[in-house]
Structure formats: C-alpha cells, structure tokens
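Engineer: Submitted below is the structure of interest, expressed as structure tokens.
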Amino acid sequence: MTQENALRILKSLSDASRLRIIQSLTQGEMYTELLAERLGLTPSTVSFHMKKLEEAGLVVSRKDQYYTVYALNREVLEMSLSDLAASRPEQADEQQKREDEYRQKVIDTFFEYGRLRSIPVQLKKKRICYEVIADQFVPGKEYSEKELDEIIEAVHEDYCTIRRDMISEGILKRDGGRYVRIR
Numbered sequence: 011m012t013q014e015n016a017l018r019i020l021k022s023l024s025d026a027s028r029l030r031i032i033q034s035l036t037q038g039e040m041y042t043e044l045l046a047e048r049l050g051l052t053p054s055t056v057s058f059h060m061k062k063l064e065e066a067g068l069v070v071s072r073k074d075q076y077y078t079v080y081a082l083n084r085e086v087l088e089m090s091l092s093d094l095a096a097s098r099p100e101q102a103d104e105q106q107k108r109e110d111e112y113r114q115k116v117i118d119t120f121f122e123y124g125r126l127r128s129i130p131v132q133l134k135k136k137r138i139c140y141e142v143i144a145d146q147f148v149p150g151k152e153y154s155e156k157e158l159d160e161i162i163e164a165v166h167e168d169y170c171t172i173r174r175d176m177i178s179e180g181i182l183k184r185d186g187g188r189y190v191r192i193r
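To convert a position in the sequence shown, counted from 1, into our numbering, add 10.
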C-alpha cells in the first residue's frame, strides 16, 4: 500500500458522518436512502460521503436494480494501524524506477555482446558494471585467483584492475589466494 492510499483512508475516517456510515455498514449491506434515513442525513450527503469512502477503498458498491448497494471492504478495514503507518511513499517507487532505468542505460552503454567495452571513470557507473560482472560468481563460493581471472577476462582484458577494484568496492573478498563474492 502506498502512503497516499493510507492517507486517503485515514482522512476518510476522520469525518464523523463517515464513521457513522461505516458503523451502520457493519450490520450489513445498505443502499443510500436507507443509510440516509438511519443517520438523519440527506441522500445527497450520504452519496457524497460514500464516494469518499469508496475512493479510499473502505467500501465497495454494486448495482441492484435501481439502487446502489454499499458494503464494507473488510480487507481494508481489517488492516492494522501499523500496516498503514508502514506504507511506502509513492515517490519511492518512482525513485526506484528511475534508478533501474539509469542502471540499464549504463549497462547498455558499457556492455556489448556480454563484454565490457571500457571501464567507466565515474564511480557510480563503474560500480554498476562491476555488479554485472559479479553476477558471474556464485555468492559464497571460493574461487582461485586463476579461476577468477579467467571469468573476468572473458568480460574485459584488464582483469587485474577489475579484480582489485571489485575487492576495494566490497563486491569480492580476498583471503590469501582465494576469492569469494560477498553480495
């Protein structure tokens, strides 16, 4: 659930008339005119509040002949307050999307047919390229220096620089003559 949806739910519940509508709907499905009669409100006022509750996902509606019948969306109502508080901002999804697009653009620019064209100068781009190379290694598996160099050399001829940089970036760990991919 996004933070915007959580905010919409909490705002919807902050109105006394809407809370009374929710309380009435706990007894079962109802249509606008019956809710208006029970709560002492006009049907247009109930319709206005129902639209807000439906936008928030707290109620669902269905047509039954001439009437619109409303019912509680139990799934949303049974969410805990901690679930609502833990909702992620929509901007986080957008930020992740931009980062993924940037990553793919770097990969497309620096790799051709599985080989690294050149080692990027910019650290962020270099890190992305090294992570792509690191996908060749099984995390936790030990590699000899020769095995490691052969795998890297298949991607780029300067395997010594790449090996050293991957260790300094924390992608690989060296223990004597053995190498392990950390992450």
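Note that the Cβ used here is the ideal one computed from N, Cα and C, for glycine as well.
Could you please give the first and the last residue of the uninterrupted alpha helix (DSSP H) stretch that includes T55?
Structural biologist: Here the alpha helix (DSSP H) through T55 covers 53-65.
Engineer: Going by beta carbon distance, what residues of the same chain come within less than 7 Å of P53, once the five residues before and after it are set aside?
Structural biologist: Only T42, E43, A46 meet the Cβ criterion.
Engineer: Pull up the CB-CB distance for Y140 and D175, whole angstroms please, since I reckon it's below 8 Å.
Structural biologist: About 6 Å separates the two Cβ atoms, so the contact holds.
Engineer: Using only CA atoms, which one of Y80, D145, E109, L51 lies nearest to M60?
Structural biologist: Among Y80, D145, E109, L51, the Cα nearest to that of M60 is on Y80.
Engineer: Please classify R188: is it buried, with 16 or more other beta-carbons within 10 angstroms of its beta-carbon, or exposed?
Structural biologist: Result: exposed.
Engineer: Using DSSP with H/G/I as helix, E/B as strand and the rest coil, what is S90?
Structural biologist: Coil, per DSSP.
Engineer: Across the segment 16-34 and the segment 64-71, are there enough close Cβ pairs to call them in contact, namely three or more that are closer than 8 Å?
Structural biologist: Cβ pair count under 8 Å is three or more, so yes.
Engineer: What residue range does the beta strand (DSSP E) around Y80 cover?
Structural biologist: Looking at the DSSP string, the run of the beta strand (DSSP E) that includes Y80 is 77-82.
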